[in-house]
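Using our numbering, the first residue of the sequence shown is number 19, and each one after it goes up by one. Even for Gly, the Cβ is constructed at its ideal location relative to N, Cα and C.
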Amino acid sequence: MPVFIPYQKKLWGWRLTEEILMVRTLRISVFLLFCWGMQVSGQDVYRDWNRRVCPVLDTPYRTYRGTDITHYLGTDTGTDGWGDRVSVTDVALWGRLPSWENDFGGELEVRGHLDLRLLEGLKSGSGIDRQHAFMMARGKLAWHQRYWGGFGLQLRAQPGVYTALSTPSGNIFSVPVGGNLVFAFTPELALFAGVDYYPDFAAEFDPYVGLVYSRYEMTAQMAYPETRFTFRPYGGRFQMGTGAVFTRWLEYRLGRDDDRRRLRFRENQFYGELSWDTRGFTQIDLRAGYMYRRRAVFEDGPTVAFDDTPFVSLGFSGLF
C-alpha cells in the first residue's frame, strides 16, 4: 500500500534510495526498487479528497472514458474561393488507463486520444476538398511527481500522428512534450508554471501557467491556455461552469504533394457548460459558447480568417 508522501515525513525508502544513488555500482537496485513499488491502482491512492495536499496533483479523476461532438455554425471566411458558409465539426474519443503509482509520490497517467475535425461548405477554390477531414491520433503520457513542502512536478508527452486524412503522407508523426512545476500553498490553492514544446510545428513553444483554487464544490482557475470556473452543487452530481480557451498549436500536416505543407488553426473561445452525473457511472456534458478571432494559417499559403460564430457541444463520459 503506497504511503502518502506529503504526510509521511520519515520515509525510510526515500533515505534508502538516496544512499543507493550515491553508490554507482548499485544503480540497478534503484531500478528494481522502483519497479517493485509500482502498482496498478484503479482507486488512485494519491488522488483522494480527504488526504490531498495539492489541488493540481491530488484531485481525483472524475471519468475514465468519453466522447465529445462539437459543431461550429457556418460562417464566412472572407477569403475568395473558400465559401461563405464554412462550418466545422469536431469529434473526440478518449480513454484513460488505471494509474500506475509508486511509494515515492509518483504517478503515471496514460491516455489515448482520437480527434477528428471536418470542414464543410468549402468551394473548389479553397484548394482542399469540399469536405476535408483532419486527424490527431495520439497517446498522452504524463508523470505526476509529488514532493514534500507542497512542491510537485508534471512531465508529459503526446506521441502520435497529426495529419489530413485525404493525404496521410510525409512527416505526420510528432512527439510534443512539456512540463511544469507545481507549488501548493494550501490543499486548496496552488500555482503551476511550465511550457509545452511542439517540434517542427509553426508554434513550437506554448506556455502553461496559472493559479488554481479548488474545493469539492467549486474550482476557480486563472490560467493560460484555459481559464475556468466550475460549481458542483448537490453532492457533485451536477456541475455548472464557464471559461475561456486559447489554442495556438493545433496543426495538421498536408502531405508531400501539397506545397502549403501544413495547416494551423488559431482559436479563441469562451463557453458555458452543464454536466450531470448519473449516479457515478455516466456523465453527460453540454457546452455552448462563442468562437472568436479564429484563423486557418497555411505554412506556405494564405491566412484564412473565419467570422466569429457560436458553437454547441455534447459529450458522454464515465467509468464504463
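Using a Cβ-Cβ distance cut-off of 8 angstroms, the segment 155-168 and the segment 124-143 are in contact, since at least three pairs of beta carbons, one from each stretch, lie closer than that value.
Under the 8 angstroms Cβ criterion, the segment 286-302 does not count as touching the segment 207-225, having fewer than three qualifying pairs. Counted as a single uninterrupted DSSP element, the beta strand (DSSP E) harbouring residue 129 occupies residues 124-138. Take residue 91, set aside five residues on each side of it, and the residues of its chain with a beta-carbon closer than 8 angstroms to its own are 105, 327, 328 and 329, in chain order. The C-alpha of residue 205 lies about 27 angstroms from the C-alpha of residue 335. No Cβ-Cβ contact shorter than 8 angstroms links residue 198 with residue 208.
For secondary structure counted as the beta strand (DSSP E) over 3 or more consecutive residues, the segment 164-248 holds these complete runs in sequence order: 169-175, 178-182, 195-202, 207-215, 223-233 and 236-242. Spanning the alpha carbons of residue 254 and residue 321 requires a straight line of approximately 44 angstroms. With a beta-carbon spacing of about 4 angstroms, residue 285 and residue 265 fall inside the 8 angstroms limit used to define contacts. In this structure, the CA atom of residue 295 is about 6 angstroms from the CA atom of residue 256. Sequence-distant Cβ neighbours of residue 177 in its own chain, meaning closer than 7 angstroms and more than five residues away, are 156, 157 and 193. Ranked by Cα distance from residue 73, the options 278, 170 and 127 are led by 170.
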